[in-house]
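Undergrad: From first to last, the protein sequence lines are chains W and Y.
The first sequence runs contiguously to residue 238 in this note's numbering.
The second sequence runs contiguously to residue 238 in this note's numbering.
Note that CB positions come from ideal geometry on N, CA and C, so glycine has one too.
These numbers were taken from a predicted model, which means no experiment stands behind them.
There are 2 protein chains.
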Amino acid sequence: MKEFSSNKRRATSNQKAVVLLSGGLDSATLLYEAMDRGFKAHCLIFDYGQRHRKEIQIAKRLAKSVGCPFHVVKIALPWQGSSLLDSSMAIPQHKKIDPKKIPSTYVPARNIIFLSFAASYAEVVKAEAVFIGANALDYSGYPDCRPEFFRAYQTTIKAGTKTGAEGHAVHIEVPFLKKTKAQIIKVGTNLKVPYEKTWSCYQGGKTPCGTCDSCRLRAKGFEEAGIVDPLMAN
Amino acid sequence: MKEFSSNKRRATSNQKAVVLLSGGLDSATLLYEAMDRGFKAHCLIFDYGQRHRKEIQIAKRLAKSVGCPFHVVKIALPWQGSSLLDSSMAIPQHKKIDPKKIPSTYVPARNIIFLSFAASYAEVVKAEAVFIGANALDYSGYPDCRPEFFRAYQTTIKAGTKTGAEGHAVHIEVPFLKKTKAQIIKVGTNLKVPYEKTWSCYQGGKTPCGTCDSCRLRAKGFEEAGIVDPLMAN
Numbered sequence: 005m006k007e008f009s010s011n012k013r014r015a016t017s018n019q020k021a022v023v024l025l026s027g028g029l030d031s032a033t034l035l036y037e038a039m040d041r042g043f044k045a046h047c048l049i050f051d052y053g054q055r056h057r058k059e060i061q062i063a064k065r066l067a068k069s070v071g072c073p074f075h076v077v078k079i080a081l082p083w084q085g086s087s088l089l090d091s092s093m094a095i096p097q098h099k100k101i102d103p104k105k106i107p108s109t110y111v112p113a114r115n116i117i118f119l120s121f122a123a124s125y126a127e128v129v130k131a132e133a134v135f136i137g138a139n140a141l142d143y144s145g146y147p148d149c150r151p152e153f154f155r156a157y158q159t160t161i162k163a164g165t166k167t168g169a170e171g172h173a174v175h176i177e178v179p180f181l182k183k184t185k186a187q188i189i190k191v192g193t194n195l196k197v198p199y200e201k202t203w204s205c206y207q208g209g210k211t212p213c214g215t216c217d218s219c220r221l222r223a224k225g226f227e228e229a230g231i232v233d234p235l236m237a238n
Numbered sequence: 005m006k007e008f009s010s011n012k013r014r015a016t017s018n019q020k021a022v023v024l025l026s027g028g029l030d031s032a033t034l035l036y037e038a039m040d041r042g043f044k045a046h047c048l049i050f051d052y053g054q055r056h057r058k059e060i061q062i063a064k065r066l067a068k069s070v071g072c073p074f075h076v077v078k079i080a081l082p083w084q085g086s087s088l089l090d091s092s093m094a095i096p097q098h099k100k101i102d103p104k105k106i107p108s109t110y111v112p113a114r115n116i117i118f119l120s121f122a123a124s125y126a127e128v129v130k131a132e133a134v135f136i137g138a139n140a141l142d143y144s145g146y147p148d149c150r151p152e153f154f155r156a157y158q159t160t161i162k163a164g165t166k167t168g169a170e171g172h173a174v175h176i177e178v179p180f181l182k183k184t185k186a187q188i189i190k191v192g193t194n195l196k197v198p199y200e201k202t203w204s205c206y207q208g209g210k211t212p213c214g215t216c217d218s219c220r221l222r223a224k225g226f227e228e229a230g231i232v233d234p235l236m237a238n
């Protein structure tokens, strides 16, 4: 079975792609990658009750800045189960993370839910592809970021959608699946992604906290890429 | 690969099941079937902007009447694409339906979305199974009711959830997949499902319209089962 990371689908004649946009650096790079491949991007932004609500505004601003149509999908999950949603749970600090365990920031079935809306939206706008920014760092911890997950989802979309039944299912593109944060930052820097307009911190304060898992991974990525993070330089 | 319809999982020692409940006769029968198999049912009811809003109230009443906890998940799909959502589209009448075409009442990726929430909820309440009421009549028209769709989704849940990664993924149960409406009604009648409390009509008026696809299939089902529909007898 083909690897998702090496699958570099390009648009022919103004094809559309649904891009899952969060406002973080991976998804910002993803949006620029999809556009660079010639797709007309349609962004999906999720408001799922995340504590770091700032990312929703950041994502909207990003989509507007490149002139892409976007939808904010509001998902009111009536249950908790993740420190990203539940304010009574602590967001883990980087030094306390056990790489062998699924972190508490895991939101049950989050990518299964996100991709289900992407599959629906893609059918309605007749998109050729869905871009999702999962990467190697994620899939060491989150089950719904593993290559086998995306392969299974592709089969589900082929079987369970109208376009799939008609023989032209939307393609799930995970271009950064095998890329480290540093590699993604290098790709994005080449594509002139405005990283100063992105947001990674889980805490969602006025400035990045610098200590949460997401802040630490971002800092490490820029350091390894040998690039100064413009968000921190401001 | 095993068939979903013949997969009759029973609960051991107070296991939980998430039951997708719509207020229609299939899902009401499904709830009673899950309870009959010994599961403690947790119902998920979807408010996805359907025109037949009455079914949401009916579903809540049904869950309360058997003392099951339930959640109403509100999904604001910002796009249309189905006559069940879009009031500018006509709901097809039974005589006009072409059995070879996917009907306009198809909601893009609806079951992909519903099952994604069920997978999330199941992880949080630690459910053993998810029950969904798709059946043979549905899968002649809707791609997301076909056996291959549920098989693919099961693989997706195994790969993409924490419980799946830990080797005990929730099981998707589709007990009526190969059953006709008449057979479902016979099962439910044996289980004493209060069909007078269920609702099938797509139009959502005070009384069933009697002419929409859903009303006609219900009437045909009761007729073939040789049972009087208590909803129509009132």
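Tell whether a beta-carbon distance below 8 Å holds between Ser124(Y) and Ile117(W).
TA: Here the question's residue 124(Y) lines up with position 120 in the second sequence. Here the question's residue 117(W) lines up with position 113 in the first sequence. Yes, these two residues count as a Cβ contact at 8 Å.
Undergrad: Comparing alpha-carbon positions, which option in Ala163(W), Ile189(W), Leu221(W) and Arg155(W) lies nearest Asn177(W)?
TA: One-based indexing of the first sequence puts residue 177(W) at position 173. It is worth fixing the name first, because residue 177(W) is Glu in this sequence and not Asn. Comparing Cα-Cα distances from Glu177(W) to each of Ala163(W), Ile189(W), Leu221(W) and Arg155(W), the minimum goes to Arg155(W).
Undergrad: For a quick check, are the C-beta atoms of Val77(W) and Lys64(W) less than 8 Å apart?
TA: The sequence position of residue 77(W) within the first sequence is 73, counting from 1. The sequence position of residue 64(W) within the first sequence is 60, counting from 1. No.
Undergrad: May I have a chain-ordered list of the alpha helix (DSSP H) segments no shorter than 4 residues that lie completely inside the region 15-87 of chain Y?
TA: Fully enclosed alpha helix (DSSP H) runs of 4 or longer: 29-40 and 58-69.
Undergrad: So, helix, strand or coil for Cys216(Y), using DSSP?
TA: Along the second sequence, read from residue 1 onward, the residue named residue 216(Y) stands at position 212. Cys216(Y): strand per DSSP, three-state reduction.
Undergrad: Taking 8 Å as the limit between beta carbons, can you name the residues of its chain near Asp233(Y), skipping five residues before and five after?
TA: As a position in the second sequence, residue 233(Y) is number 229, starting the count at 1. Closer than 8 Å at Cβ, skipping near neighbours: Tyr199, Arg222, Ala223 and Phe226.
Undergrad: From Glu132(Y) to Asn139(Y), what distance separates their C-alpha atoms?
TA: Here residue 132(Y) refers to the residue found at position 128 when the second sequence is read from its first residue. Here residue 139(Y) refers to the residue found at position 135 when the second sequence is read from its first residue. The straight-line gap from Cα to Cα measures roughly 21 Å.
Undergrad: Is any beta-carbon of chain Y found at less than 8 Å from that of Asn115(W)?
TA: Sequence index remark: in the first sequence, residue 115(W) carries index 111 (1-based). Cβ-Cβ to chain Y under 8 Å: yes for Asn115(W).
Undergrad: For Gly27(W), does the count of other Cβ atoms within 10 angstroms reach 16, so buried, or fall short, so exposed?
TA: Residue numbering aside, residue 27(W) sits at position 23 when the first sequence is read from its first letter. Looking at its Cβ environment, which holds 16 or more other Cβ atoms inside 10 Å, Gly27(W) is buried.
Undergrad: For a cutoff of 8 Å on Cβ pairs, would you count Lys201(W) as touching chain Y?
TA: Position 197 of the first sequence holds residue 201(W). With 8 Å as the cut-off, Lys201(W) does not count as an interface residue toward chain Y.
Undergrad: For Ser218(W) and Leu141(W), I'd like the C-alpha separation in whole angstroms.
TA: Here residue 218(W) refers to the residue found at position 214 of the first sequence. Here residue 141(W) refers to the residue found at position 137 of the first sequence. Taking the straight line from one Cα to the other gives about 11 Å.
Undergrad: Select from the region 137-163 of chain Y all residues with a C-beta closer than 7 Å to any C-beta belonging to chain A, and list them in chain order.
TA: Looking at the structure shown, chain A is missing, and the protein chains on hand are W and Y.
Undergrad: Note down, in chain order, each residue of its chain lying with its Cβ closer than 6 Å to the Cβ of Gly168(W), except the 5 sequence neighbours on either side.
TA: Within the first sequence, the letter at position 164 stands for residue 168(W). Result list for Gly168(W): Ile161 and Lys162, in chain order.
Undergrad: Only counting the same chain, and skipping five residues up and downstream in sequence, which positions put a Cβ closer than 7 Å to that of Ala45(W)?
TA: As a position in the first sequence, residue 45(W) is number 41, starting the count at 1. If we look at Ala45(W) and ignore the five residues flanking it on each side, its Cβ neighbours are Ala21, Val23, Leu35, Ala38, Met39 and Cys72.
Undergrad: Going by other Cβ atoms of all chains shown within 10 Å of its Cβ, with 16 needed for buried, is Gln61(W) buried or exposed?
TA: One-based indexing of the first sequence puts residue 61(W) at position 57. Exposed, since its Cβ has fewer than 16 Cβ neighbours within 10 Å.
Undergrad: Using a Cβ cut-off of 7 Å, pull out every chain Y residue sitting near Ser120(W), in sequence order please.
TA: Start at 1 with the first residue of the first sequence, and residue 120(W) comes out as number 116. Ordered by position in chain Y, the residues that pass the 7 Å Cβ test against Ser120(W) are Ala113, Ile116, Ile117 and Ser120.
Undergrad: Note down the Cα distance separating Gln19(W) from Cys149(Y), rounded to an integer number of angstroms.
TA: Position 15 of the first sequence, counted from the first residue, corresponds to residue 19(W). Position 145 of the second sequence, counted from the first residue, corresponds to residue 149(Y). Cα to Cα, Gln19(W) sits roughly 28 Å from Cys149(Y).
Undergrad: With distances taken between CB atoms, is the gap from Val134(Y) to Val174(Y) smaller than 8 Å?
TA: As a first step, residue 134(Y) is located in the second sequence; it is residue number 130 there, counting from the start. As a first step, residue 174(Y) is located in the second sequence; it is residue number 170 there, counting from the start. Yes, they are a contact pair.
Undergrad: Quick check on Phe180(W): does DSSP put it in helix, strand or coil?
TA: Looking up residue 180(W) in the first sequence gives position 176. Coil, per DSSP.
Undergrad: Identify, in the order they occur along the chain, each residue of the same chain with its Cβ nearer than 6 Å to the Cβ of Pro179(Y), setting aside the five sequence neighbours on each side.
TA: Within the second sequence, the letter at position 175 stands for residue 179(Y). Cβ neighbours of Pro179(Y) beyond the five flanking positions: Glu37.
Undergrad: Closest to Lys190(Y) by CA distance: which of Phe50(Y), Arg13(Y), Ala32(Y) and Met236(Y) is it?
TA: To locate residue 190(Y), count along the second sequence from 1; it is residue 186. Checked all of Phe50(Y), Arg13(Y), Ala32(Y) and Met236(Y); the closest Cα to Lys190(Y) is Ala32(Y).
Undergrad: Taking 8 Å as the CB-CB limit, is Ser124(Y) close to chain W?
TA: Residue mapping note: residue 124(Y) aligns to position 120 of the second sequence, counting from 1. Interface residue, yes.
Undergrad: Using a Cβ cut-off of 8 Å (strictly closer), state whether His75(W) contacts chain Y.
TA: Reading the first sequence from its first residue, position 71 is the one you call residue 75(W). Output row for His75(W): interface = yes.
Undergrad: List the residues of chain W whose Cβ lies closer than 8 Å to the Cβ of Ala80(Y), in chain order.
TA: Sequence index remark: in the second sequence, residue 80(Y) carries index 76 (1-based). Those within 8 Å of Ala80(Y) in chain W are Val77 and Lys78.
Undergrad: With burial defined as no fewer than 16 other Cβ atoms inside 10 Å of the residue's Cβ, what is the status of Gly171(Y): buried or exposed?
TA: Counting from one through the second sequence, the residue named residue 171(Y) turns up at place 167. It is exposed - the Cβ of Gly171(Y) has fewer than 16 other Cβ atoms within 10 Å.
Undergrad: Please tell me whether Gly168(W) has its Cβ less than 8 Å away from any Cβ of chain Y.
TA: Here residue 168(W) corresponds to residue number 164 of the first sequence, with the count starting at 1. Output row for Gly168(W): interface = yes.
Undergrad: Take Arg41(W) as the anchor and find which of Arg114(W), Leu48(W), Pro147(W) and Ser17(W) has the nearest alpha-carbon.
TA: In the first sequence, the residue the question calls residue 41(W) occupies position 37. Ranking the options by Cα distance to Arg41(W), first place goes to Ser17(W).
Undergrad: Can you pull the chain W neighbours of Thr33(Y), defined as C-beta to C-beta under 9 Å?
TA: For this step, residue 33(Y) is matched to residue 29 along the second sequence. Residues of chain W passing the Cβ test: none, with the nearest at roughly 23 Å.
Undergrad: Name the two residues that bound the continuous alpha helix (DSSP H) containing Val128(Y).
TA: Taking the second sequence and counting its residues from 1, the one referred to as residue 128(Y) is at position 124. Per DSSP, Val128(Y) belongs to the alpha helix (DSSP H) from Arg114 to Val129.
Undergrad: Pull up the distance between the alpha-carbon of Phe50(Y) and that of Leu25(Y), whole angstroms please.
TA: Along the second sequence, one-based indexing puts residue 50(Y) at 46. Along the second sequence, one-based indexing puts residue 25(Y) at 21. Phe50(Y) and Leu25(Y): Cα-Cα distance of roughly 8 Å.
Undergrad: Mapping the DSSP letters down to three states, classify Val197(Y) as helix, strand or coil.
TA: Locating residue 197(Y) in the second sequence gives position 193, where the first residue counts as 1. Note: Val197(Y) maps to coil in three-state DSSP.
Undergrad: Consult DSSP for Phe232(Y) and reduce its assignment to one of helix, strand or coil.
TA: Residue 232(Y) sits at position 228 when you count from the first residue of the second sequence. According to the sequence displayed, residue 232(Y) carries Val and not Phe. DSSP places Val232(Y) in coil when its eight states are reduced to three.
Undergrad: For Lys99(W), does the three-state DSSP call read helix, strand or coil?
TA: The count along the first sequence starts at 1 and reaches residue 99(W) at position 95. Unreliable positioning characterises Lys99(W) in this predicted model, as indicated by a pLDDT of 49, which lies under 50. A coordinate reading is not provided.
Undergrad: Could you name the residues that DSSP lists as bridge partners for Val134(W)?
TA: As a first step, residue 134(W) must be located in the first sequence, where it is residue number 130. Paired residues: Val22(W) and Ile176(W).
Undergrad: Below 9 Å on C-beta distance, what does Thr16(W) contact in chain Y?
TA: To locate residue 16(W), count along the first sequence from 1; it is residue 12. None at all; the shortest Cβ gap to chain Y is about 23 Å.
Undergrad: Which residues, in order along the region 165-193 of chain W, keep a beta-carbon less than 8 Å from a beta-carbon of chain Y?
TA: Per Cβ criterion, the list reads Thr165, Lys166, Gly168 and Ala169.
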